[in-house]
Structure formats: structure tokens, C-alpha cells
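**Student:**
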Amino acid sequence: MTELRERPAWKALEAHYEEIRDAHLRELFATDPQRAEYFIADGAGLHLDFSKNRITSETLALLAELARECEVEKRRDAMFRGEHINVSEDRAVLHVALRMNANRSLNVDGVDVVKEVHDVLDRMGDFSYRIRSGDWKGHTGKPIRNVVNIGIGGSDLGPVMAYEALRHYSQRDLTFRFVSNIDGTDFVECTRDLDPAETLFIVASKTFTTLETMTNARTAREWSLAGLGGDEAAVAKHFVALSTNAEEVAKFGIDTANMFGFWEWVGGRYSMDSAIGLSTMLAIGYVAFQEMLAGFAEMDAHFCEAPVESNLPMLMGLLSVWYGDFFGAETCAVLPYDQYLHRFPAYLQQLTMESNGKHVTLDGTRVDYDTGAIYWGEPGTNGQHSFYQLIHQGTRLIPCDFIGFMHSNNPLGEHHDLLMSNVFAQSEALAFGKTPEQVREEGTAEEVVPHRVMEGNRPSNTILAERLTPESLGSLVALYEHSVFTQGAIWGVDSFDQWGVELGKALAVAIIPELQADEEPDLNHDSSTNALIRRYRQARRERDPADEPTPNPAGRESAE
Ligand code: F6P
Numbered sequence: 334m335t336e337l338r339e340r341p342a343w344k345a346l347e348a349h350y351e352e353i354r355d356a357h358l359r360e361l362f363a364t365d366p367q368r369a370e371y372f373i374a375d376g377a378g379l380h381l382d383f384s385k386n387r388i389t390s391e392t393l394a395l396l397a398e399l400a401r402e403c404e405v406e407k408r409r410d411a412m413f414r415g416e417h418i419n420v421s422e423d424r425a426v427l428h429v430a431l432r433m434n435a436n437r438s439l440n441v442d443g444v445d446v447v448k449e450v451h452d453v454l455d456r457m458g459d460f461s462y463r464i465r466s467g468d469w470k471g472h473t474g475k476p477i478r479n480v481v482n483i484g485i486g487g488s489d490l491g492p493v494m495a496y497e498a499l500r501h502y503s504q505r506d507l508t509f510r511f512v513s514n515i516d517g518t519d520f521v522e523c524t525r526d527l528d529p530a531e532t533l534f535i536v537a538s539k540t541f542t543t544l545e546t547m548t549n550a551r552t553a554r555e556w557s558l559a560g561l562g563g564d565e566a567a568v569a570k571h572f573v574a575l576s577t578n579a580e581e582v583a584k585f586g587i588d589t590a591n592m593f594g595f596w597e598w599v600g601g602r603y604s605m606d607s608a609i610g611l612s613t614m615l616a617i618g619y620v621a622f623q624e625m626l627a628g629f630a631e632m633d634a635h636f637c638e639a640p641v642e643s644n645l646p647m648l649m650g651l652l653s654v655w656y657g658d659f660f661g662a663e664t665c666a667v668l669p670y671d672q673y674l675h676r677f678p679a680y681l682q683q684l685t686m687e688s689n690g691k692h693v694t695l696d697g698t699r700v701d702y703d704t705g706a707i708y709w710g711e712p713g714t715n716g717q718h719s720f721y722q723l724i725h726q727g728t729r730l731i732p733c734d735f736i737g738f739m740h741s742n743n744p745l746g747e748h749h750d751l752l753m754s755n756v757f758a759q760s761e762a763l764a765f766g767k768t769p770e771q772v773r774e775e776g777t778a779e780e781v782v783p784h785r786v787m788e789g790n791r792p793s794n795t796i797l798a799e800r801l802t803p804e805s806l807g808s809l810v811a812l813y814e815h816s817v818f819t820q821g822a823i824w825g826v827d828s829f830d831q832w833g834v835e836l837g838k839a840l841a842v843a844i845i846p847e848l849q850a851d852e853e854p855d856l857n858h859d860s861s862t863n864a865l866i867r868r869y870r871q872a873r874r875e876r877d878p879a880d881e882p883t884p885n886p887a888g889r890e891s892a893e
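Be aware that the sequence shown starts at 334, since it is given in our numbering, and climbs by one per residue.
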């Protein structure tokens with residue numbers, strides 16, 4: 334048995350689970366109506382109501398004890414000191430340095446990383462000012478009006494989520510697009526109505542070797558040059574790079590003077606507040622970007638200072654462990670009630686699942702408990718008319734995070750009251766449901782009663798903030814970052830590597846020549862993979878003229 338399952342707090346939680354597993358939230362609220370007054374916590378401008386969880390004070394005490402036994406706080410402090418807590422890659426994990434105030438310093442491996450962070454932020458600020466003001470001119474002398482971020486994973490999901498979330502604060506005469514998929518459709522559809530003379534490409538890649546990004550970047554270069562008369566000098570005006578790899582940036586043909594750097598201690602999925610956030614800064618400006626960083630920093634401070642029992646990220650992380658490892662919940666739904674947060678669940682999927690989708694502990698031992706849950710979600714109220722049925726009446730337990738704001742950025746008649754009434758109604762319905770007696774009292778025919786019963790006892794967190802602003806977005810993202818950290822520290826896994834994505838990448842690279850070879854290649858895969866490759870090759874041979882590659886379709890079209 335692994336160390337975690339031997340821990341006294343874990344064993345106590347197992348015993349406690351047997352006592353509490355059938356307790357209904359109706360009873361928990363009936364016997365303790367005050368629970369909504371103490372199962373709440375506030376930090377960094379966010380309010381967390383976790384009273385609609387299947388917990389008692391004893392559960393909370395035991396979970397806090399588990400955090401202490403697993404030394405979550407010690408591990409957190411090691412992260413903030415810049416120790417190499419990413420053991421499998423022997424790296425520091427210092428996204429928290431990205432939002433440290435300029436008057437701080439943090440020496441890591443002999444370098445003051447805070448100074449480096451602010452040097453890059455200042456350069457990003459100058460560049461943003463020049464683009465936003467129209468001072469930076471494209472190759473033909475026109476100002477930039479379109480910004481296309483090319484990246485994938487952490488070099489896409491954070492930027493696109495933040496752009497959408499903060500659109501209200503964005504400079505509206507600039508158009509932002511995000512190309513991530515290696516499917517040519519993504520590039521073509523993102524650029525087809527853009528004028529190359531007014532388009533800036535941001536090539537965002539920590540490694541600058543990612544197949545999808547480099548392929549899209551090469552296509553962008555061809556598109557740009559085709560639309561600008563083929564003069565290589567145009568690249569300097571229309572391409573910038575965000576990367577840790579200056580050598581590859583230069584090899585690609587982007588002048589490193591047009592590169593905004595970051596460092597190996599920033600994980601891809603933790604990088605939206607590094608240079609990877611350049612598109613965000615171009616959209617909302619330097620000052621608002623700083624406000625976002627301040628929101629992150631407020632949550633960092635809360636995470637470091639608040640006791641476990643009132644520490645938002647620790648509470649959320651511990652509750653995830655409670656449901657995942659004791660109740661056997663496999664997923665967690667994140668349900669933002671703000672249209673601007675429509676990409677937030679997609680962003681969280683990488684943050685949570687690439688971080689904690691791990692099967693061994695730090696020392697390589699196979700875990701004998703479940704780790705990272707499957708995160709998913711959609712903005713409310715759309716989800717209510719789609720998958721909420723299963724959460725309410727299905728057979729699976731799906732803990733939910735509801736996210737809402739007191740004030741709308743687009744106050745429109747009674748829209749916001751109606752929206753927020755749904756947040757409160759959904760968590761109430763999930764927790765308390767509807768008994769057979771209540772259904773009968775409504776005059777329901779007996780044979781329909783079972784269909785209309787809502788068992789309830791579906792747990793949820795409600796996270797509220799005053800308004801969606803750059804600052805509150807920063808706090809919200811940091812909340813989940815540190816919740817992920819807390820879960821990883823309990824499970825004893827490396828939340829900062831991602832070896833699981835490597836095999837598929839390597840196999841794809843090996844298969845490319847097998848698809849393209851003129852001669853029938855020797856295929857040494859399994860029989861299924863061999864057959865699929867042969868089938869594709871056959872279809873490729875039979876291509877009609879419409880399938881012929883068109884290197885610069887959009888460039889030609891928009892240049893006309
Ligand atoms: O999918 C694996 C991954 O390495 C992610 O962790 C990362 O965010 C993404 O690829 C993109 O990597 P890069 O920024 O180096 O292009």
C-alpha cells in the first residue's frame with residue numbers, strides 16, 4: 334500500500350466516509366442551518382460558499398489534517414522558494430514569480446528571476462503601446478489591425494481564454510484570432526478575411542519545436558509573404574515570437590529582437606501571465622494586464638497565508654480529493670455563469686488534467702488511488718438545456734463549481750438577475766432535489782412520480798466575485814492553479830511534467846513519411862494501425878483536383 338493510504342488522516346477519512354456517505358444535504362442543512370455561515374471562505378476578492386458539499390466539520394478537520402500530513406504547505410513554500418519540485422524534469426516551478434511585484438527579488442539558481450520577469454513585461458508594454466497606438470507599421474506602412482496568435486496547448490488555451498474573458502476591456506479596433514489546430518482549416522478560416530498588410534502573427538511556443546505550431550507558423554509566413562510581394566524583410570514587421578528557445582526562433586527566421594522570452598520554470602499550462610500573454614496585453618493594454626497580474630498575486634498571497642480551513646485553493650483541492658478518492662466521483666463540472674468565460678472550462682482542462690493526470694508518485698511508485706478528475710463544462714445557462722439533466726437525475730456523482738458575478742459587464746434589462754437566479758436555483762436543486770412526497774403534492778400521476786423525483790445530494794461549490802475584471806480573472810485562474818497544486822501534493826505526484834503526451838507525438842512523426850512515401854512503405858505497426866494507414870494512402874492516391882494543396886489560399890484571396 335502506498336504511503337498516502339497508510340496516513341492516519343487518510344484512514345480516518347475512510348472510516349468517516351462510511352459514516353457520512355449516506356447523509357443527505359437536506360439533513361445536514363436541517364440539523365445545522367448555520368453551516369452556510371461557516372462553510373464559506375473569502376480571499377483575493379473571491380467568495381467561496383462550500384456549504385453545499387457532503388461534509389461536516391469533522392470532514393473538514395480530517396481533510397485539513399490530511400493536508401498537514403502530506404505537508405502541502407511545506408511543498409507550497411518550496412515552490413515559492415524556487416526549489417526544483419518538478420522532479421522528473423529537475424526544474425523549479427515558478428509561475429508565481431511572473432506576478433511578483435517589481436520591488437521583490439527571488440534568486441533562483443543564481444539569477445534574480447523577478448527582475449528578468451519585469452524586464453520582459455516592460456518590453457511587452459512598449460511593444461503593446463506601439464501596436465495599439467498604430468505607431469508600429471507593417472511592411473507597406475499600414476498600421477497593424479489584426480493579431481493572430483499561433484500556438485497550442487498552454488500557448489493557446491490561456492491566451493484565447495483570457496482574450497475572450499476580457500473582451501469587454503479590449504481595444505475594439507483590433508481583431509484577434511487564435512490558430513492552434515494543425516488541421517489547415519483552422520489557419521484558413523482564421524485568416525481568410527484578413528489583409529496581410531495589417532496582420533501581425535505571434536508565434537507562441539515555449540519550445541519552438543511543436544509540430545502544430547511550427548507548421549502553422551510556416552504557413553503563416555508563406556501567407557504573409559505572398560500577400561506582401563514576397564519580400565523577406567516583411568517578416569520583421571509581421572512576426573514576433575514568444576518562446577524560451579532563442580536558437581530555434583532565430584532558425585525559423587524571426588529576429589530575436591522581436592522575441593519576448595520566458596523561462597523553463599514556467600510550465601506551458603501556467604504561462605498565460607508570462608510573455609505568452611502578449612495577445613492579452615495587446616488586447617487590454619499594459620495597465621489592465623498589470624491589474625490581472627495583481628489579481629494572480631492576491632490569490633498567491635492568500636494561498637501562502639490563509640490557514641487550510643479558510644484557504645480557498647486548499648479547500649477546493651481537498652474537496653476534489655474527497656469526492657474523487659472517497660466517493661469515487663470521476664469528473665468535475667465547471668459552470669461559469671458569464672458568457673465571457675465560455676473558454677474557461679477548456680482552459681481548465683489542460684491546467685487540471687495535464688497537471689494531475691498521473692499514475693505514479695514522485696518516487697515512481699504506481700498509485701493505488703485515483704488521481705486527477707476529468708474537468709469539463711460549459712457556460713450556464715446553456716448547459717442547463719443540455720447536460721444538466723444527467724447531473725440532476727443521472728446515476729453518477731458530479732461535483733460542480735458554479736462561478737458567478739454580482740455585476741454584469743453588460744447590464745441589459747433584467748438579464749443579469751435572471752442569469753444569477755439560475756446559479757442559485759441550480760445549486761439549490763442539485764443539493765435538495767425534490768422528494769416523492771413533494772412530487773405527489775403537486776398532483777403528479779403516481780406512475781410519473783419516480784420520473785419526477787430529484788434525489789438531490791449533488792454537491793457543489795459556488796464562487797462569486799464582484800465583477801469579471803482583469804484582476805478577478807487573475808484571482809480565479811490562480812485559485813484553480815493552486816487547487817491543482819494542492820491535489821497534486823496530496824497525491825504525491827509531479828503536477829508539472831507531461832510525459833504522457835510524448836508517445837503520441839513521436840508516433841505521429843514516424844507515421845508522416847509512411848503516409849507520404851511514393852513507394853509502398855514497410856509498415857511495422859499493429860494490424861489495425863497498418864490497415865488504417867493503407868486505407869488513407871489509397872484515398873490519397875485517389876485524390877481529386879480539389880484535394881491538391883493550396884499553400885496560400887487566404888493570402889491570395891485577401892490580397893485581392
Ligand atoms: O501537449 C504538450 C505540450 O507540451 C503542453 O504542455 C504545452 O502547453 C503544449 O504542448 C505546447 O508546447 P509549446 O508551447 O512548447 O509549443
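Virtual Cβ for every residue (Gly too), placed ideally from N, Cα, C. Small disclaimer: the values here were computed from a predicted structure and weren't measured.
Is the region 807-820 close to the region 737-753, with three or more CB pairs under 8 Å?
**Tutor:** Short answer: they don't touch.
**Student:** Kindly indicate which residue of 570, 693 and 785 has the alpha-carbon position closest to the one of residue 460.
**Tutor:** Residue 460 has its Cα closest to that of 570, out of 570, 693 and 785.
**Student:** Do you know offhand how far residue 674's Cα is from residue 535's?
**Tutor:** Spanning the two alpha carbons is a distance of roughly 23 Å.
**Student:** Starting from the C-beta of residue 578, find all residues in its chain whose C-beta is less than 7 Å away, skip the five residues before and the five after it, and write them out in chain order.
**Tutor:** Closer than 7 Å at Cβ, skipping near neighbours: 540 and 541.
**Student:** How should residue 727 be labelled, buried or exposed, when 16 other C-beta atoms within 10 angstroms of its C-beta is the threshold for buried?
**Tutor:** When all chains shown are included, residue 727 counts as exposed.
**Student:** For residue 600, is the beta carbon positioned less than 8 Å from some heavy atom of the ligand F6P?
**Tutor:** For the ligand F6P, at least one heavy atom lies less than 8 Å from the Cβ of residue 600.
**Student:** Identify whether residue 445 lies in helix, strand or coil by the three-state DSSP scheme.
**Tutor:** The answer is strand: DSSP assigns residue 445 an E or B state.
**Student:** How is the alpha helix (DSSP H) around residue 382 delimited, first residue to last?
**Tutor:** Taken as a continuous stretch (DSSP letters only), residue 382 belongs to no alpha helix (DSSP H), being part of the beta strand (DSSP E) at 379-382.
**Student:** Taking Cβ positions, are residue 567 and residue 488 nearer each other than 9 Å?
**Tutor:** Taking 9 Å as the Cβ cut-off, residue 567 and residue 488 do not qualify as a contacting pair.
**Student:** Name, in chain order, the residues that DSSP records as bridge partners for residue 665.
**Tutor:** Its beta-bridge partners are 708.
**Student:** Let me check one thing: in DSSP terms, what residues is residue 575 bridge-paired to?
**Tutor:** In DSSP, residue 575 forms a bridge with 537 and 593.
**Student:** Between residue 544 and residue 842, what straight-line distance do the alpha-carbon atoms span, to the nearest angstrom?
**Tutor:** Approximately 9 Å, taken between the alpha carbons.
**Student:** Measure the C-alpha to C-alpha separation of residue 527 and residue 742 and round it to an integer number of angstroms.
**Tutor:** Taking the straight line from one Cα to the other gives about 29 Å.
**Student:** Only counting the same chain, and skipping five residues up and downstream in sequence, which positions put a Cβ closer than 8 Å to that of residue 437?
**Tutor:** 447.
**Student:** Using the DSSP secondary-structure output, state which residues sit across from residue 476 in a beta bridge.
**Tutor:** Bridge partners of residue 476: 470.
**Student:** Using 8 Å as the cut-off, classify the Cβ of residue 607 as near or not near the heavy atoms of the ligand F6P, replying yes or no.
**Tutor:** Result no, Cβ not under 8 Å from the ligand F6P.
**Student:** Hey, residue 338 and residue 358 are a contact pair by Cβ (cut 8 Å); roughly how many whole angstroms apart?
**Tutor:** About 28 Å; that fails the 8 Å criterion.
**Student:** Can you give me the C-alpha to C-alpha distance between residue 345 and residue 521, rounded to a whole angstrom?
**Tutor:** Their Cα atoms are separated by approximately 57 Å.
**Student:** Can you name, in chain order, every residue of its own chain whose Cβ lies under 7 Å from the Cβ of residue 391, other than the five neighbours on each side?
**Tutor:** The answer, listed in chain order, is 349.
**Student:** Skipping 5 residues on each side, what residues in its chain have a beta carbon closer than 8 Å to that of residue 660?
**Tutor:** The answer, listed in chain order, is 350, 354, 387 and 730.
**Student:** Go ahead and label residue 483 buried or exposed: buried means 16 or more other beta carbons lie within 10 angstroms of its beta carbon, across all protein chains shown.
**Tutor:** Buried: at least 16 other Cβ atoms inside 10 Å.
**Student:** In the DSSP assignment, find the unbroken alpha helix (DSSP H) run with residue 750 in it and report its ends.
**Tutor:** Run containing residue 750: 748-765, per the alpha helix (DSSP H) assignment.
**Student:** How is residue 457 classed by DSSP in three states: helix, strand or coil?
**Tutor:** Here residue 457 sits in helix by DSSP.
**Student:** Can you tell me the Cβ-Cβ gap for residue 433 and residue 630, rounded? I've got them flagged as a contact below 8 Å.
**Tutor:** Between residue 630 and residue 433 the Cβ distance is about 7 Å, and since that is below 8 Å, they are a contact.
**Student:** Can you tell me which of the three DSSP states residue 796 falls into?
**Tutor:** Here residue 796 sits in strand by DSSP.
**Student:** Would you mind reading off the limits of the alpha helix (DSSP H) that contains residue 866?
**Tutor:** Per DSSP, residue 866 belongs to the alpha helix (DSSP H) from 860-874.
**Student:** Compare the C-alpha of residue 668 against each of 840, 793 and 342 and name the closest.
**Tutor:** The candidate whose alpha carbon is nearest that of residue 668 is 793.
**Student:** Please classify residue 891 as buried or exposed, where buried requires at least 16 other C-beta atoms within 10 Å of its C-beta.
**Tutor:** With a pLDDT of 35 at residue 891, under the threshold of 50, the modelled position of this residue cannot be trusted, and the question is left open.
**Student:** Can you find a heavy atom of the ligand F6P that lies under 8 Å from the Cβ of residue 487?
**Tutor:** Under cutoff, so the answer is yes.
**Student:** Would you say the beta carbon of residue 831 is closer than 8 Å to some non-hydrogen atom of the ligand F6P?
**Tutor:** Yes - the ligand F6P has a heavy atom lying nearer than 8 Å to the Cβ of residue 831.
**Student:** Using a threshold of 9 Å, state whether the C-beta atoms of residue 356 and residue 399 are closer than that.
**Tutor:** No, these two residues do not count as a Cβ contact at 9 Å.
**Student:** Are there any heavy atoms of the ligand F6P lying less than 8 Å away from the beta-carbon of residue 543, as far as the coordinates show?
**Tutor:** Checking the Cβ of residue 543 against the ligand F6P gives yes.
**Student:** Pull up the distance between the alpha-carbon of residue 735 and that of residue 714, whole angstroms please.
**Tutor:** C-alpha separation (whole angstroms): 11 Å.
**Student:** I need the DSSP call for residue 410, collapsed to helix, strand or coil.
**Tutor:** Note: residue 410 maps to helix in three-state DSSP.
**Student:** Does the beta carbon of residue 384 fall short of 8 Å from some heavy atom of the ligand F6P?
**Tutor:** Result no, Cβ not under 8 Å from the ligand F6P.
**Student:** Is residue 653 near the ligand F6P, judged by its Cβ being under 8 Å from some heavy atom?
**Tutor:** The answer is no for residue 653.
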